[in-house]
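Counting in this note's numbering, the sequence shown runs from 342 upward without gaps.
Ideal placement from N, C-alpha and C gives every residue a C-beta, glycine not left out.
If you're wondering where the values come from, they're calculated on a predicted model, not measured in any experiment.
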Amino acid sequence: MALVKRCRPTRAGGLPALLVGALAVATTLTGGPAHAAGQGTLHELAAAQGRYFGSATDNPELPDAAYAATLGSEFGQITPGNSMKWDTTEPVRGQFDFTKGDVVTDFARQHGQTVRGHTLVWHNQLPGWVGALPSAQVEAAMTHHITEEATHYRGVVSAWDVVNEPFNEDGTFRTSPFYTAMGSDYIATALRAAHAADPDAKLYINDYNVEGRGAKSDALYALVSDLIDKGVPLDGVGMQAHLAVQYGFPYQMQANMQRFADLGLDVAVTELDVRMPLPADAAKTATQTAYYRQVTEACLAVARCVGITVWDYTDTYSWVPGTFPGEGAANLYDENLRPKAAYSAVRTALGGDDGSGEGGDPGALKAQYRSSDASVGDNQIKPGLQLVNTGGTAVSLSDVTVRYWFSSENGASTYSTWCDWTPIGCSNVTHRVAAASTPKAGADHYLEVGFAGGTLAPGATTGEIQLRLNKTDWSNFNESDDYSHGAGTSYADASRIAVYAGGELVWGIEP
Ligand code: G3I
Numbered sequence: 342m343a344l345v346k347r348c349r350p351t352r353a354g355g356l357p358a359l360l361v362g363a364l365a366v367a368t369t370l371t372g373g374p375a376h377a378a379g380q381g382t383l384h385e386l387a388a389a390q391g392r393y394f395g396s397a398t399d400n401p402e403l404p405d406a407a408y409a410a411t412l413g414s415e416f417g418q419i420t421p422g423n424s425m426k427w428d429t430t431e432p433v434r435g436q437f438d439f440t441k442g443d444v445v446t447d448f449a450r451q452h453g454q455t456v457r458g459h460t461l462v463w464h465n466q467l468p469g470w471v472g473a474l475p476s477a478q479v480e481a482a483m484t485h486h487i488t489e490e491a492t493h494y495r496g497v498v499s500a501w502d503v504v505n506e507p508f509n510e511d512g513t514f515r516t517s518p519f520y521t522a523m524g525s526d527y528i529a530t531a532l533r534a535a536h537a538a539d540p541d542a543k544l545y546i547n548d549y550n551v552e553g554r555g556a557k558s559d560a561l562y563a564l565v566s567d568l569i570d571k572g573v574p575l576d577g578v579g580m581q582a583h584l585a586v587q588y589g590f591p592y593q594m595q596a597n598m599q600r601f602a603d604l605g606l607d608v609a610v611t612e613l614d615v616r617m618p619l620p621a622d623a624a625k626t627a628t629q630t631a632y633y634r635q636v637t638e639a640c641l642a643v644a645r646c647v648g649i650t651v652w653d654y655t656d657t658y659s660w661v662p663g664t665f666p667g668e669g670a671a672n673l674y675d676e677n678l679r680p681k682a683a684y685s686a687v688r689t690a691l692g693g694d695d696g697s698g699e700g701g702d703p704g705a706l707k708a709q710y711r712s713s714d715a716s717v718g719d720n721q722i723k724p725g726l727q728l729v730n731t732g733g734t735a736v737s738l739s740d741v742t743v744r745y746w747f748s749s750e751n752g753a754s755t756y757s758t759w760c761d762w763t764p765i766g767c768s769n770v771t772h773r774v775a776a777a778s779t780p781k782a783g784a785d786h787y788l789e790v791g792f793a794g795g796t797l798a799p800g801a802t803t804g805e806i807q808l809r810l811n812k813t814d815w816s817n818f819n820e821s822d823d824y825s826h827g828a829g830t831s832y833a834d835a836s837r838i839a840v841y842a843g844g845e846l847v848w849g850i851e852p
């Protein structure tokens, strides 16, 4: 059984089912172009929703002119991937070097972008001298480092990942020179030092594998609750969101974001990417696309989710292959700076077009079905079908097909098919019966429906398409065990009816 590849979940804020139904009478297929190509950048689309859309970057990449052009135009926020870390900014105790970080903030200023500072206190990419300090000196060194760096970037960095990755996977505190010297109090001390140096910057604790509910996010929740109770300056939690297609989507991501928001904190997706075992294939890419879409939808559904940052936007400069050999293809753009399906999915989730300039987002289509057939044992099958566009952009129907599977039983193997009525006009609908390439019980043939052209507007439905088929010898069927058959007489979502766009499954489960 092939699973749904691009089944789009209804997103919060989307059209309720009743409204979609009500639109059926008012909606038509429209000719002409679906929409203008790529209207608005990712950041402009996010900004229209009160969010930002950003990318990590790094100094060695910035001379790449093609890369920098998209970085500077598509994204409204940047995070330096390495150049504000401790090993770069204070490689020798007391000797600060902000040269590389300044290159990134200069780029941001030239392109009207905000900057997320990353990161002041982290166990990784620490210069050796920090680990060699006697415990009694660590607090002073940490406070000094935070004070110097946050002061240098005061008014330039709008949000800081003050403490990065403080937890182990089981929710215990991670060992680091800071934890060893101060226990978990180092976190409050770091936040207070950052606030003193830059009272206007938003201060965050940032971690990975805290996107969904679980032991690690529970520990983060307990920590930030305690910090709030104690009056420690803290503005938000950063959820890195380094996802992987093989490990599933974070459990209850939206609800998890919401519980932090309910504490009065901002939530930011700070390092989003979705890696996969290489080579990429259609199924992995579909999963990746869905994950990017779902993260975007989760953020938009939580009022305090302030924005999304991808951990660089192109596979060319991804950290993944260097850390997970054999994995990659994690980013929104490929190595030729071509946007992927995930990019289109994020755009449409943000309420824009898919950026292709054609076709809309067929992943937003769903099929609904009702039986118009009182008798399951007579010589005709009468499915009622309709398509609904659950997305925010018009979808071209010119290469969309729908399949309804049934069993042929005995008798003739040739068929007649009919469109009896549809509000979009039967002349706009094509229909035929074809034999399944891998016949299954209840599914050795299918009725395939297509469209002469036109587009389906956002939130619109085709309205019902009353279909009918018979064998040319008018022998009887037994519909009761047909794969796509259902007894419901009102239109309802039908997962056993498949929708394809350009031959790719976008809705439903094949037999
Ligand atoms: O700059 C040196 C170069 O001179 C040397 O030739 C080369 C040889 O390995 O290494 C270069 O340094 C690398 C550095 O990135 C700059 O490219 C380090 O080896 C490499 O380990 C380092 O990786 C960074 C990683 O953090 C380190 O943990 C990634 O670029 C960076 O994207 C990644 O970012 C982290 C976030 O800070 C926190 N969350 C997870 C995320 C992904 O790991």
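Relative to the C-alpha of residue i, which candidate in the options has its C-alpha closest?
i           : options               : result
residue 391 : 706, 806, 838 and 692 : 692
residue 750 : 541, 771 and 719      : 719
residue 439 : 486, 717, 714 and 793 : 486
residue 847 : 669, 644 and 624      : 624
residue 385 : 415, 400 and 407      : 415
residue 510 : 798, 554, 407 and 484 : 554
residue 790 : 745, 757, 753 and 756 : 745
residue 808 : 716, 815 and 712      : 712
residue 724 : 810, 800 and 454      : 810
residue 697 : 489, 780 and 736      : 736
residue 834 : 647, 597, 824 and 707 : 707
residue 679 : 387, 407 and 826      : 407
residue 433 : 757, 474 and 565      : 474
residue 593 : 606, 550 and 565      : 550
residue 853 : 716, 786 and 450      : With the chain covering 342 to 852 only, the question about residue 853 has no answer from this structure.
residue 714 : 393, 820 and 505      : 820
Return the Cβ separation of residue i and residue j in integer angstroms, given the expectation that the two are a contact with Cβ distance under 8 Å.
i           : j           : result
residue 841 : residue 741 : 7 Å
residue 573 : residue 604 : That belief does not hold up - the Cβ atoms of residue 573 and residue 604 are roughly 13 Å apart, past 8 Å.
residue 389 : residue 461 : 32 Å between Cβ atoms; not a contact.
residue 502 : residue 458 : 7 Å
residue 814 : residue 776 : Between residue 776 and residue 814 the Cβ distance is about 16 Å, and since that is not below 8 Å, they are no contact.
residue 380 : residue 694 : 6 Å
residue 648 : residue 418 : 6 Å
residue 518 : residue 472 : 5 Å
residue 788 : residue 830 : That pair is no contact at about 19 Å.
residue 799 : residue 755 : Not quite, the Cβ-Cβ distance comes to about 40 Å (not below 8 Å), so this is no contact.
Give me the Cα-Cα distance between residue i and residue j, rounded to the nearest whole angstrom.
i           : j           : result
residue 456 : residue 513 : 30 Å
residue 739 : residue 762 : 20 Å
residue 348 : residue 705 : For residue 348, the predicted model reports a pLDDT of 27, less than 50, meaning its position is unreliable; a value from the coordinates is still stated below. When rounded, the distance between both Cα atoms is 7 Å.
residue 561 : residue 608 : 13 Å
residue 529 : residue 548 : 16 Å
residue 382 : residue 622 : 27 Å
residue 327 : residue 610 : The structure shown does not extend to residue 327, since the chain spans only 342 to 852, so no value can be given for it.
residue 375 : residue 668 : Per-residue confidence for residue 375 stands at a pLDDT of 23, beneath the threshold of 50, marking its modelled position as unreliable; no derived number is given.
residue 350 : residue 640 : Residue confidence for residue 350 is low, a pLDDT of 25 falling below 50, so the modelled location carries little weight and cannot support an answer.
residue 545 : residue 480 : 19 Å
residue 806 : residue 844 : 21 Å
residue 367 : residue 766 : The pLDDT assigned to residue 367 is 24, lower than 50, so where the model puts this residue is not dependable; a value taken from the coordinates is nonetheless given after this. Their Cα atoms are separated by approximately 14 Å.
residue 409 : residue 402 : 8 Å
residue 837 : residue 722 : 16 Å
residue 497 : residue 449 : 9 Å
residue 422 : residue 445 : 10 Å
residue 598 : residue 557 : 13 Å
residue 710 : residue 827 : 8 Å
residue 638 : residue 825 : 30 Å
residue 541 : residue 499 : 8 Å
residue 436 : residue 683 : 43 Å
residue 306 : residue 387 : Nothing can be reported for residue 306: it is not among the residues displayed for the chain, which extend from 342 to 852.
residue 463 : residue 779 : 55 Å
Once the 5 residues before and after residue i are set aside, which same chain residues still bring their CB inside 8 Å of it?
i           : result
residue 584 : 552, 590, 591, 613, 614, 615, 616, 632 and 636
residue 822 : 748, 782 and 783
residue 404 : none
residue 676 : 655, 656 and 657
residue 565 : 546, 575, 578, 601, 604 and 606
If you drop the 5 nearest sequence neighbours on each side, which residues of the same chain put their C-beta closer than 7 Å to that of residue i?
i           : result
residue 672 : 614, 651, 653, 654, 655, 656 and 659
residue 628 : 586
residue 441 : 400, 424 and 429
Near residue i, which residues of its chain fall below 6 Å by C-beta distance, leaving aside the five closest residues on each side in sequence?
i           : result
residue 538 : 488, 491 and 492
residue 634 : 686 and 690
residue 764 : 804
residue 398 : 412 and 419
Quiz item: Is there contact between the region 678 to 690 and the region 699 to 706, where contact requires at least three CB pairs shorter than 8 Å?
Solution: Taking 8 Å as the limit for Cβ pairs, the verdict is that the region 699 to 706 does touch the region 678 to 690.
Exercise. Could you say if the region 769 to 779 and the region 725 to 736 meet the contact criterion of at least three C-beta pairs nearer than 8 Å?
Key: At 8 Å Cβ cutoff, the stretches do not touch.
Quiz item: Between the region 465 to 483 and the region 421 to 434, are three or more C-beta pairs nearer than 8 Å?
Solution: Three or more Cβ pairs drawn from the region 465 to 483 and the region 421 to 434 lie within less than 8 Å of each other, which places the two stretches in contact.
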